[in-house]
Amino acid sequence: CRHGCRMGSGFFAEGEAEKLAQFLGMGVEELEKAHLEEAEQFNRTLLRPKILREGRPYGRCTFFDEEKGCAIHDAKPLQCRVAMGCRPYGEKLMLWFMLNHILDPEDPESVRQYASYLKAGGKTLPGGELHTLVPDKERLHKMLDYTTVKPW
151 CRHGCRMGSG FFAEGEAEKL AQFLGMGVEE LEKAHLEEAE QFNRTLLRPK ILREGRPYGR
211 CTFFDEEKGC AIHDAKPLQC RVAMGCRPYG EKLMLWFMLN HILDPEDPES VRQYASYLKA
271 GGKTLPGGEL HTLVPDKERL HKMLDYTTVK PW
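Numbering-wise, the sequence shown is residues 151 to 302 according to my numbering.
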């Protein structure tokens, strides 16, 4: 449906920016300066294609063309590949990406931010509950009450 491409861009999983640089025939540093931006979620900084906002808080992916679609289809970010946002299971795939590539259960700040997300009504998948991600109750408690502030 291309809706996600018009409203933003997806995060790269580890090592994917290098794949895109090779696909485009340029160096990683050149790619990052020209076409990528950093964004943070759950205390993790990730790369994604720049978003052309045009004065709005959202905008189209820099690699999206209304007529041709995704210009980097063969090397697009994993989050874009799994998004399927217009399909009934699209939301679950996005949650899977979040749990497997963004959230870091070893990082107390990541866990605290995720706990806030859940408390505010954020959705998750079975296995994405805090007590499942950090099964040691004492460790989880220390993370959530700021007793532990650095990753284990």
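The beta-carbon is built from N, C-alpha and C at its ideal position, and this holds for glycine as well.
Per-residue burial, Ala171 [other beta carbons within 10 Å of its own, 16 or more giving buried]: By the 16-neighbour rule on beta-carbons within 10 angstroms, Ala171 is buried.
Host beta strand (DSSP E) of Ala189 (start-end): 186 to 191
Three-way DSSP call (helix, strand, coil) for Cys155 in this model: helix
Candidates Gln191, Ile201, Ala233: closest to Ser266 by CA position: Gln191
Which listed residue (Leu245, Thr195, Gly158, Phe247) has its alpha carbon closest to that of Tyr208: Gly158
Span of the alpha helix (DSSP H) around Arg198: Taken as a continuous stretch (DSSP letters only), Arg198 belongs to no alpha helix (DSSP H), being part of the beta strand (DSSP E) at 194 to 199.
Beta-carbon contacts of Leu290 that lie in its chain and below 8 Å, excluding the five residues immediately before and after: Val261, Leu280, His281, Val284
Alpha-carbon spacing of Ala167 relative to Leu197, whole angstroms: Looking at the two C-alpha atoms, the distance is approximately 8 Å.
CB contact flag (Arg194, Asp286, <9 Å): no
Beta-bridge partners of Gly219, as assigned by DSSP: Asp215
For Arg206, the three-state DSSP class (helix, strand or coil): coil
N- and C-terminal bounds of the alpha helix (DSSP H) containing Val284: Unbroken run through Val284: none, as it is neither H nor E.
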